[in-house]
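Q:
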Amino acid sequence: MSLESVRAWFAEHAPDIAIITQAASTATVAEAAETLGVLPGQIAKTLSIRINDTAMLVVTRGDARLDNRKTRDALGGRPRMLGAEEVEALTGHPVGEYAHLG
Numbered sequence: 000m001s002l003e004s005v006r007a008w009f010a011e012h013a014p015d016i017a018i019i020t021q022a023a024s025t026a027t028v029a030e031a032a033e034t035l036g037v038l039p040g041q042i043a044k045t046l047s048i049r050i051n052d053t054a055m056l057v058v059t060r061g062d063a064r065l066d067n068r069k070t071r072d073a074l075g076g077r078p079r080m081l082g083a084e085e086v087e088a089l090t091g092h093p094v095g096e097y098a099h100l101g
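Have a look at this one:
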């Protein structure tokens with residue numbers, strides 16, 4: 000998924016949302032928080048996991064950790080992180096890229 004395809008989608012579906020790109024890296028929660036001048040807990044991070052045969056995205060605050068037992072109890076299986084290649088194949092979006100929606 001390219002930045003241009005994201006811009007096109009938002010232009011059609013949510014034209015009031017601006018996409019702001021950053022010159023500094025925002026690939027990690029720490030880098031994003033520093034670049035944007037906010038606390039890590041104010042960053043939303045996406046975890047790509049698989050539970051049994053189902054891949055899913057979990058969006059959480061940047062300083063949160065996934066509790067394996069709570070996740071297993073809530074979703075019926077042990078969560079396993081997806082590899083970078085599988086994430087890109089399933090989502091069309093490379094791991095570590097970040098877009099700030101303002």
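Here the sequence shown stands for residues 0 to 101, numbered as in numbering that gives the first Met the number 0. Ideal Cβ placement from N, Cα and C applies to all residues, glycine included.
1) Between the alpha carbons of A83 and T90, how many angstroms are there, rounded?
2) Would you list the one or two residues that DSSP bridges to T90?
3) Considering only their Cβ atoms, is the gap separating V94 from G61 smaller than 8 angstroms?
4) Please report the residue range of the alpha helix (DSSP H) in which A181 lies.
5) In chain order, what residues of the same chain have a beta carbon less than 8 angstroms from the beta carbon of N67, not counting five sequence neighbours either side?
6) Could you tell me which whole alpha helix (DSSP H) segments of length 4 or greater appear in the region 11-36?
7) From the DSSP output, which residues share a beta bridge with A54?
A: Reading it off the structure:
1) Within the sequence shown, the letter at position 84 stands for residue 83. Within the sequence shown, the letter at position 91 stands for residue 90. For A83 and T90, the distance between alpha carbons rounds to 11 angstroms.
2) Here residue 90 refers to the residue found at position 91 when the sequence shown is read from its first residue. BP columns for T90 are empty, so no partner.
3) As a position in the sequence shown, residue 61 is number 62, starting the count at 1. As a position in the sequence shown, residue 94 is number 95, starting the count at 1. No. Outside cutoff.
4) The structure shown does not extend to residue 181, since the chain spans only 0 to 101, so no value can be given for it.
5) Stepping through the sequence shown from its first residue, residue 67 is reached at position 68. Hits under 8 angstroms: R77 and P78.
6) Correct list: 28-35.
7) Taking the sequence shown and counting its residues from 1, one reaches residue 54 at position 55. Answer is R49.
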